[in-house]
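Numbering (my numbering), first residue to last: 1 to 234.
Below you can see the structure in the form of structure tokens.
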């Protein structure tokens, strides 16, 4: 399921639908499994001009674990990056792993750093003209990455938390057409979800397994989080 942040009544995206790529009329089909990316080389991101419009932030979120959030994040990011590369816009898609205590994006993409804490140590990282030089980049598909911490020690919540991640979405929207975000389990009282994920995305992708009870719960959950977002905004 995929819901724009106006709520499920605001124009739910059909299952399997995807964001529109600038300069194309049709998204196309998947190019392969996410973990195939592990073989790609990683170098510095290319220097390219900022985007000509604000980028779209797409988060994968679920109210419970082991639902396929990471594949729901990485597979669309993989394909979107390839499509952008095909039309001469390599490096205009990025994956950000905000699930910092269970960060698996790095394992799928075979890239452990620089994590968010590394990025924010650079004095000019929050500039649209300089942030790319601090990002991991997979040139084979044209995808930038901000991986999560590689282990439990690095994921110390006193050092890495939602406040750090809240500093980068604005600049990422200026630099990338698409920002794909993997998230923690979306407990309505989880600080990272409430303070970072809920306010930021233009759409939330909700992975659902083929189970009636789970599907019914997943259908009710977007309504709950949309209501929470509206109440916080007011």
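Cβ coordinates follow ideal geometry from the N, Cα and C atoms, glycine included. No experiment lies behind these values; they were computed from the predicted model shown.
Exercise. Which of helix, strand or coil does DSSP assign to residue 131?
Worked result: helix
Exercise. Of the residues 153, 165, 148, which one's Cα is nearest the Cα of residue 105?
Worked result: 148
Exercise. With a CB to CB cut of under 6 Å and the five nearest residues on each side skipped, what residues in its chain are close to residue 94?
Worked result: 144, 176, 179
Exercise. Between the C-alpha atoms of residue 96 and residue 86, what's the straight-line distance to the nearest angstrom?
Worked result: 22 Å
Exercise. Per DSSP, what kind of secondary structure is residue 198 in: helix, strand or coil?
Worked result: coil
Exercise. For residue 198 versus residue 164, is the C-beta distance shorter than 8 Å?
Worked result: no
Problem set entry | CB contact flag (residue 57, residue 169, <8 Å) | yes
Problem set entry | Ranges of the beta strand (DSSP E) found wholly within the stretch 40 to 127, counting only runs of at least 3 | 56 to 60, 93 to 97
Exercise. Does the beta-carbon distance from residue 98 to residue 183 come in below 8 Å?
Worked result: yes
Problem set entry | Between the CA atoms of residue 119 and residue 113 - distance to the nearest angstrom | 9 Å
Exercise. Roughly how many angstroms separate the alpha carbons of residue 211 and residue 60, rounded to a whole number?
Worked result: 19 Å
Exercise. Taking Cβ positions, are residue 69 and residue 207 nearer each other than 8 Å?
Worked result: yes
Exercise. Cβ atoms of residue 196 and residue 167: under 8 Å apart, would you say?
Worked result: no
Exercise. Based on the DSSP secondary-structure assignment, which residues constitute the bridge partners of residue 179?
Worked result: 57, 94
Exercise. If you count every other CB in all the chains shown that lies within 10 Å of the CB of residue 235, and 16 or more means buried, which is it?
Worked result: Residue 235 lies beyond the stretch modelled for the chain, which goes from 1 to 234, so this question has no answer here.
For this session: Measure how close the beta-carbons of residue 132 and residue 54 come, nearest whole angstrom, since I'm counting them as under 8 Å.
Result: In fact, because the Cβ distance is near 17 Å, the residues do not count as touching under 8 Å.
For this session: Find out if the Cβ-Cβ distance for the pair residue 185, residue 63 is shorter than 8 Å.
Result: yes
Exercise. Just curious, the alpha helix (DSSP H) that residue 162 is in, first and last residue?
Worked result: 162 to 165
For this session: Please go through the same chain and pick out, in chain order, the residues whose beta-carbon is closer than 6 Å to the beta-carbon of residue 215, but skip the five residues on each side of it.
Result: 208
For this session: Could you give the DSSP three-state label for residue 158: helix, strand or coil?
Result: coil
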